[in-house]
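Colleague:
In structure tokens form, the structure reads like this:
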């Protein structure tokens, strides 16, 4: 598990482990398997992040790629990994 903020989805806290969503301040345009956001589009500022997150949660916090959803997944535990600046 990689806790580097550049490897954690700014929307949902999903840990990409070995794939950076942002690298040296540059988006890598990676799509989150959990919430479906694409880095560099929906996560460029705090307002966009909060709006996307609110909509995702309001719609049931469903996985964009359900086959990757871990058994016993907990949205609140995952969102605890969000960097303080993106909450």
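Residue numbers (the working numbering): 404 to 490. Glycine included, each C-beta is placed from N, C-alpha and C at the ideal position.
#1: Suppose you measure from the CA of residue 445 to the CA of residue 452; what does that come to, to the nearest Å?
#2: Hey, out of 438, 418, 414 and 406, whose CA is closest to residue 489's CA?
#3: By alpha-carbon positions, which one of 468, 469, 438 and 467 ends up nearest to residue 454?
#4: Roughly how many angstroms separate the alpha carbons of residue 470 and residue 427, rounded to a whole number?
#5: Can you pull the DSSP bridge partners for residue 426?
Modeller: Concretely, from the data shown:
#1: Taking the first residue of the chain shown as 1, we reach residue 445 at position 42. Taking the first residue of the chain shown as 1, we reach residue 452 at position 49. The alpha-carbon atoms of residue 445 and residue 452 are separated by roughly 6 Å.
#2: Looking up residue 489 in the chain shown gives position 86. Ranking the options by Cα distance to residue 489, first place goes to 414.
#3: Within the chain shown, numbered from 1, the residue matching residue 454 stands at position 51. Residue 454 has its Cα closest to that of 438, out of 468, 469, 438 and 467.
#4: Taking the first residue of the chain shown as position 1, residue 470 is located at position 67. Taking the first residue of the chain shown as position 1, residue 427 is located at position 24. If you take the alpha carbons of residue 470 and residue 427, they lie about 31 Å apart.
#5: Locating residue 426 in the chain shown gives position 23, counting from the first residue. Answer by DSSP bridge pairing, in chain order: 429.
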